[in-house]
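Novice: In our numbering, the protein residues as written are 2 to 209.
#1: Closest to residue 136 by C-alpha separation, out of 116, 124, 120 and 110, would be which residue?
#2: What is the DSSP secondary structure of residue 60, reduced to helix, strand or coil?
#3: Are the CB atoms of residue 44 and residue 20 within a distance shorter than 8 Å?
#4: Between which two residues does the beta strand (DSSP E) containing residue 180 stretch?
#5: Quick check: what's the CA-CA separation for residue 35 versus residue 98?
#6: Within its chain, find whatever has a CB closer than 8 Å to the CB of residue 183; leave out the 5 residues flanking it on each side and keep chain order.
#7: Determine the direct distance from the alpha carbon of residue 18 to that of residue 168, and round the result to whole angstroms.
#8: Tell me which residue opens and which closes the alpha helix (DSSP H) that residue 29 is part of.
#9: For residue 117, report the span of its beta strand (DSSP E) as first-last.
#10: Give the C-beta separation of residue 83 and residue 133 to the nearest angstrom, bearing in mind that I take them to be a contact with Cβ-Cβ under 8 Å.
#11: Does the distance from the C-beta atom of residue 106 to that of residue 12 stay below 8 Å?
#12: On the criterion of 16 or more Cβ atoms from any shown chain inside 10 Å, does residue 145 qualify as buried, or is it exposed?
#13: Quick check: the Cα distance between residue 78 and residue 177, rounded to an integer number of angstroms?
#14: Taking only the alpha-carbon atoms, compute the straight-line gap between residue 31 and residue 9 and give it to the nearest angstrom.
#15: Can you give the Cα-Cα distance for residue 15 and residue 129, rounded to whole angstroms?
#16: Say whether chain B places a C-beta atom closer than 8 Å to the C-beta of residue 178.
#17: What are the boundary residues of the beta strand (DSSP E) that includes residue 87?
#18: Taking the alpha carbon of residue 163 as the point to measure from, which residue in 38, 55, 197 and 91 has its own alpha carbon closest?
#19: How would you call residue 192, buried or exposed, if buried means at least 16 neighbouring beta carbons within 10 angstroms?
#20: If you measure between the beta carbons of residue 151 and residue 121, is that distance less than 8 Å?
#21: Mind checking who residue 139 pairs with in its DSSP beta bridge?
#22: Look at the alpha carbon of residue 71 and the alpha carbon of residue 160, and state the distance between them as a whole number of angstroms.
Okay, structure coming up:
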């Protein structure tokens, strides 16, 4: 499963979708064409970058392209926000200053554990669903958050909410991590990652 496909599957029942950092506009276009969103804002901080989305979405009366730094210039009628392909700190900064209660579909490029931790412990969100995409040799967590209480275990914070019943992609990622971290010095961080990967693999064995 690739990133776009995974993110699209986590968008559902959106009256108005705001896609931040929309790049070519493929995600809002797919959400509209599949009926997962009724209307979409395709947003980018750069007017030049937004031209690609304007081309993809041209002629549609259910899509609006907006030059915006995060959600700053976006009308407040959206109920779902997608942010894909950004670093964790940039992503969290956008969400924190927006004050939104919308559902969030996020694909961080870095520090996915920090996204899970901050949203569930500080910003009043619960992680309701997660998929792990594999594309061009890399693993990408794609997560859906909704407003509510839902604290995560340490293992869930590290690797997502599917750790107790890992699918084939999560198992392969943890096998790769195990192989890598077994060769590294056993300091605190390395040992924690190795132990967590082994625990996920043990969960897979327990389930059959």
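Backbone N, C-alpha and C define an ideal beta-carbon position, used for all residues, glycine too. The model shown is predicted, which means the values in this text are computed figures rather than measured ones.
Specialist: Checking against the coordinates, here is how it stands:
#1: Here the question's residue 136 lines up with position 135 in the chain shown. Among 116, 124, 120 and 110, the Cα nearest to that of residue 136 is on 110.
#2: Locating residue 60 in the chain shown gives position 59, counting from the first residue. DSSP places residue 60 in coil when its eight states are reduced to three.
#3: As a first step, residue 20 must be located in the chain shown, where it is residue number 19. As a first step, residue 44 must be located in the chain shown, where it is residue number 43. Cβ distance < 8 Å, so residue 20 and residue 44 count as in contact.
#4: Residue 180 sits at position 179 when you count from the first residue of the chain shown. Where residue 180 is concerned, there is no enclosing beta strand (DSSP E), although the alpha helix (DSSP H) it sits in stretches over 169-182.
#5: Here residue 35 corresponds to residue number 34 of the chain shown, with the count starting at 1. Here residue 98 corresponds to residue number 97 of the chain shown, with the count starting at 1. Going by the C-alpha atoms only, they are around 30 Å apart.
#6: As a working note, residue 183 is residue 182 in the chain shown. Closer than 8 Å at the Cβ level, and outside the excluded window around residue 183, lie 195.
#7: Numbered from 1 along the chain shown, position 167 holds the residue referred to as residue 168. Numbered from 1 along the chain shown, position 17 holds the residue referred to as residue 18. If I take the Cα positions, the gap works out to 29 Å.
#8: On the chain shown, residue 29 is found 28 positions in, with the first residue counted as 1. Its alpha helix (DSSP H) spans residues 27-34.
#9: Along the chain shown, one-based indexing puts residue 117 at 116. Note, residue 117: premise wrong, no beta strand (DSSP E); alpha helix (DSSP H) at 113-122.
#10: Position 82 of the chain shown, counted from the start, is the residue given in the question as residue 83. Position 132 of the chain shown, counted from the start, is the residue given in the question as residue 133. 17 Å between Cβ atoms; not a contact.
#11: Mapped onto the chain shown, residue 106 falls at position 105. Mapped onto the chain shown, residue 12 falls at position 11. Contact: yes.
#12: Counted from its first residue, the chain shown places residue 145 at position 144. Counting Cβ neighbours within 10 Å, residue 145 comes out buried, since at least 16 surround it.
#13: For the purposes of this step, residue 78 is taken as the residue at position 77 of the chain shown. For the purposes of this step, residue 177 is taken as the residue at position 176 of the chain shown. Distance between the alpha carbons of residue 78 and residue 177: 43 Å.
#14: As a position in the chain shown, residue 31 is number 30, starting the count at 1. As a position in the chain shown, residue 9 is number 8, starting the count at 1. So the two alpha carbons sit approximately 7 Å from each other.
#15: Counting from one through the chain shown, the residue named residue 15 turns up at place 14. Counting from one through the chain shown, the residue named residue 129 turns up at place 128. Roughly 16 Å separates the two Cα atoms.
#16: This model lacks chain B altogether; it includes just one protein chain.
#17: Locating residue 87 in the chain shown gives position 86, where the first residue counts as 1. Counting along the chain, the beta strand (DSSP E) containing residue 87 begins and ends at 81-87.
#18: Counting from one through the chain shown, the residue named residue 163 turns up at place 162. It is 197 whose Cα lies nearest to the Cα of residue 163.
#19: Here residue 192 is taken as the residue at index 191 of the chain shown, counted from 1. Exposed.
#20: The count along the chain shown starts at 1 and reaches residue 151 at position 150. The count along the chain shown starts at 1 and reaches residue 121 at position 120. Yes, these two residues count as a Cβ contact at 8 Å.
#21: Here residue 139 refers to the residue found at position 138 when the chain shown is read from its first residue. Paired residues: 136.
#22: Residue 71 sits at position 70 when you count from the first residue of the chain shown. Residue 160 sits at position 159 when you count from the first residue of the chain shown. The alpha-carbon atoms of residue 71 and residue 160 are separated by roughly 26 Å.
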